[in-house]
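S.K.:
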Amino acid sequence: MVMSEIVKLLKSAKKVLIVTHVSPDGDGIGSTLALLHGLNQLGIEGHVVIDDEVPEGFAFLPQSGKILRYPHEMDGYYDVAVAIDCSDEERMGNVKELYMRLPVKINIDHHISNTMYADYNVVDSNAGASAELVYQLLKLLGVEFDSDISTCLYCSLATDTGRFMYSNTTSITHEIAGDLLNNGADLRKIAEEIFEKKTLNQVLLIGKAISTLNVVEDGTIAYITVTKAMLDECGARPGDTEGLVYYPKSIDGVEIGLLFKEEDDRIKVSFRSKKVDVSKIAAIFGGGGHVLASGCFLEMPMSEAVEKVVQACARAVKDVH
Numbered sequence: 004m005v006m007s008e009i010v011k012l013l014k015s016a017k018k019v020l021i022v023t024h025v026s027p028d029g030d031g032i033g034s035t036l037a038l039l040h041g042l043n044q045l046g047i048e049g050h051v052v053i054d055d056e057v058p059e060g061f062a063f064l065p066q067s068g069k070i071l072r073y074p075h076e077m078d079g080y081y082d083v084a085v086a087i088d089c090s091d092e093e094r095m096g097n098v099k100e101l102y103m104r105l106p107v108k109i110n111i112d113h114h115i116s117n118t119m120y121a122d123y124n125v126v127d128s129n130a131g132a133s134a135e136l137v138y139q140l141l142k143l144l145g146v147e148f149d150s151d152i153s154t155c156l157y158c159s160l161a162t163d164t165g166r167f168m169y170s171n172t173t174s175i176t177h178e179i180a181g182d183l184l185n186n187g188a189d190l191r192k193i194a195e196e197i198f199e200k201k202t203l204n205q206v207l208l209i210g211k212a213i214s215t216l217n218v219v220e221d222g223t224i225a226y227i228t229v230t231k232a233m234l235d236e237c238g239a240r241p242g243d244t245e246g247l248v249y250y251p252k253s254i255d256g257v258e259i260g261l262l263f264k265e266e267d268d269r270i271k272v273s274f275r276s277k278k279v280d281v282s283k284i285a286a287i288f289g290g291g292g293h294v295l296a297s298g299c300f301l302e303m304p305m306s307e308a309v310e311k312v313v314q315a316c317a318r319a320v321k322d323v324h
């Protein structure tokens with residue numbers, strides 16, 4: 004019912020604002036670009052606006068160069084605002100101010116912690132990625148799935164499901180992926196750009212990050228830390244930390260892997276788990292996400308953030324056992 008109402012709203016719109024979260028990932032970028040392609044195909048103007056830089060690894064996606072960095076001089080008025088992959092409005096960063104004042108707000112997401120902040124909410128925590136919901140929307144809009152749309156959505160699925168290996172991968176995920184491949188998704192390009200290519204700076208950062216590895220609580224919790232100084236020393240960008248959290252998680256016997264990343268005035272914490280519900284731990288600190296993959300931000304020194312989060316994780320691991 005909600006999806007059909009959204010279809011009517013989009014088809015009658017003249018200009019649509021499309022946003023995703025700060026520290027954008029493959030699902031956020033691929034899904035927003037796919038929707039942009041679809042709207043353009045229907046003769047509807049749209050802008051993808053993000054309050055952050057787009058990681059270099061996603062620059063190969065069709066029309067990624069059209070993504071606007073907020074703040075930006077907006078050209079006129081938007082009829083409809085669509086947020087994709089944002090569990091709450093704060094995840095949009097400063098774009099939230101623009102999004103929240105528009106007359107029609109749509110929220111498309113797959114996070115279990117979603118706060119249902121929009122006028123129209125399409126939230127399914129069973130979906131492997133927000134891209135699955137965007138796929139359904141584009142089908143209802145009657146969009147022709149060309150190579151560009153299919154490549155963007157396949158990139159979203161492949162990244163958010165960990166190459167279809169995470170527990171959020173379902174038979175529906177595979178059915179959609181198959182349809183996207185049949186419609187021209189560039190699997191080879193996605194594999195090369197996202198999973199096989201790393202800059203020298205990224206490799207140097209991996210080495211420095213792993214050198215900070217700590218394994219605690221009888222080998223059940225492992226974490227690494229990344230400071231701004233480390234990024235500078237390696238010539239790396241903030242987005243180059245993507246995927247680092249899987250190194251501590253991959254250690255045999257570890258239940259929860261953590262990445263603590265120093266930002267301007269806060270610490271970003273990424274949680275990855277094998278079976279412990281880390282969304283509940285992240286929620287303690289004002290964050291959220293998925294059962295096995297969540298995050299939060301802490302405004303405190305690195306050492307204090309590590310201590311508090313590790314203690315909370317230790318309690319959660321003991322409760323499971």
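For the sequence shown, my numbering assigns the number 4 to the initial residue and increments by one for each residue that follows.
Glycine included, C-beta positions come from ideal geometry on N, C-alpha and C.
I'd like the ranges of any alpha helix (DSSP H) spanning at least 4 consecutive residues and lying wholly in the stretch 155–220.
M.R.: Segments of the alpha helix (DSSP H) lying fully in the stretch 155–220: 174–185, 190–193, 203–213.
S.K.: Is the Cβ-Cβ distance between V5 and N124 less than 8 angstroms?
M.R.: Their beta carbons are under 8 angstroms apart, which means V5 touches N124 by this criterion.
S.K.: DSSP three-state label for A239, please.
M.R.: Three-state DSSP puts A239 in coil, outside helix and strand.
S.K.: Could you say which of Y226, F263, G238, E59 lies nearest to Y250 if we only look at CA atoms?
M.R.: Of the candidates Y226, F263, G238, E59, the one whose C-alpha sits nearest the C-alpha of Y250 is Y226.
S.K.: Looking only at C-alpha atoms, which of R94, G41, G165, Q66 sits nearest to G245?
M.R.: In the sequence as presented, Gly is not what sits at residue 245; that position holds Glu. Of the listed residues, the one whose Cα sits closest to E245 is G165.
S.K.: Specify whether the stretch 153–172 and the stretch 187–199 touch according to this definition: at least 3 beta carbon pairs, one from each stretch, less than 8 angstroms apart.
M.R.: Flag = yes, the stretch 153–172 and the stretch 187–199 touch.
S.K.: Looking at the strands, I want to know which residues DSSP matches up with A86.
M.R.: Beta-bridge pairing links A86 to V22, N110.
S.K.: Roughly how many angstroms separate the alpha carbons of V146 and Q44, rounded to a whole number?
M.R.: Roughly 7 angstroms between the two C-alpha positions.
S.K.: Look up H50 in the DSSP assignment and give the residues it is bridged to.
M.R.: According to DSSP, H50 bridges with L20.
S.K.: How far does the alpha helix (DSSP H) with E100 in it reach, from first residue to last?
M.R.: Looking at the DSSP string, the run of the alpha helix (DSSP H) that includes E100 is 98–103.
S.K.: How long is the line joining the alpha carbons of M119 and V57, rounded to whole angstroms?
M.R.: So the two alpha carbons sit approximately 26 angstroms from each other.
S.K.: Is H293 near S306, with beta carbons less than 8 angstroms apart?
M.R.: No, Cβ-Cβ distance for H293 and S306 is not below 8 angstroms.
S.K.: Can you give me the start and stop residues for the alpha helix (DSSP H) that K311 sits inside?
M.R.: First-last of the alpha helix (DSSP H) with K311: 305–323.
S.K.: Just to confirm my understanding: we take R48, look at its own chain, exclude 5 residues before and 5 after, and list those with CB closer than 8 angstroms. What are they?
M.R.: Just to set this straight, residue 48 is Glu in the shown sequence, not Arg. Closer than 8 angstroms at Cβ, skipping near neighbours: K17, K18, V19, L42.
S.K.: N185 to I179, Cα distance in whole Å?
M.R.: If you take the alpha carbons of N185 and I179, they lie about 10 angstroms apart.
S.K.: Taking S150 as the reference, give the member of A239, L208, C158 with the closest Cα.
M.R.: It is C158 whose Cα lies nearest to the Cα of S150.
S.K.: Given that a residue counts as buried once 16 or more other Cβ atoms are within 10 Å of its Cβ, and exposed if not, what is M303?
M.R.: Classification of M303: exposed, given that the 10 Å Cβ count is below 16.
S.K.: Could I get the ranges of all uninterrupted alpha helix (DSSP H) runs contained in the stretch 109–146, with 4 residues as the minimum, in chain order?
M.R.: Listed in chain order, they are 133–144.
S.K.: Could you please give me the residues that DSSP links to R326 through a beta bridge?
M.R.: No answer is possible for residue 326: it lies beyond the span of the chain, which begins at 4 and ends at 324.
S.K.: Name the one or two DSSP bridge partners that V229 has.
M.R.: Paired residues: K264.
S.K.: For the alpha helix (DSSP H) that I287 lies in, which residues bound it at each end?
M.R.: Taken as a continuous stretch (DSSP letters only), the alpha helix (DSSP H) holding I287 covers 281–287.
S.K.: Return the CA-CA distance between V320 and V107, expressed in angstroms with no decimal places.
M.R.: V320 and V107: Cα-Cα distance of roughly 42 angstroms.
S.K.: Count the CB pairs spanning the stretch 127–135 and the stretch 21–41 that are closer than 8 angstroms, and state whether there are at least three.
M.R.: They touch, by the three-pair rule.
S.K.: Using only the alpha-carbon positions, how far apart do Y138 and G238 sit?
M.R.: Approximately 37 angstroms, taken between the alpha carbons.
S.K.: Just how far apart, CA to CA, sit F288 and F300?
M.R.: So the two alpha carbons sit approximately 7 angstroms from each other.
S.K.: Starting from V272, follow its DSSP beta bridges and name the residues at the other end.
M.R.: Partner(s): F263, C299.
S.K.: How far does the alpha helix (DSSP H) with G31 in it extend, from its first residue to its last?
M.R.: Looking at the DSSP string, the run of the alpha helix (DSSP H) that includes G31 is 29–44.
S.K.: Kindly list the residues whose CB is nearer than 6 angstroms to the CB of D54, restricted to its own chain and excluding five residues on each side of it in sequence; keep chain order.
M.R.: The answer, listed in chain order, is V25, Y73, G96, N97, V98.
S.K.: Among A194, I193, T223, M233, whose alpha-carbon lies nearest the alpha-carbon of G210?
M.R.: The option with the nearest alpha carbon to G210 is M233.
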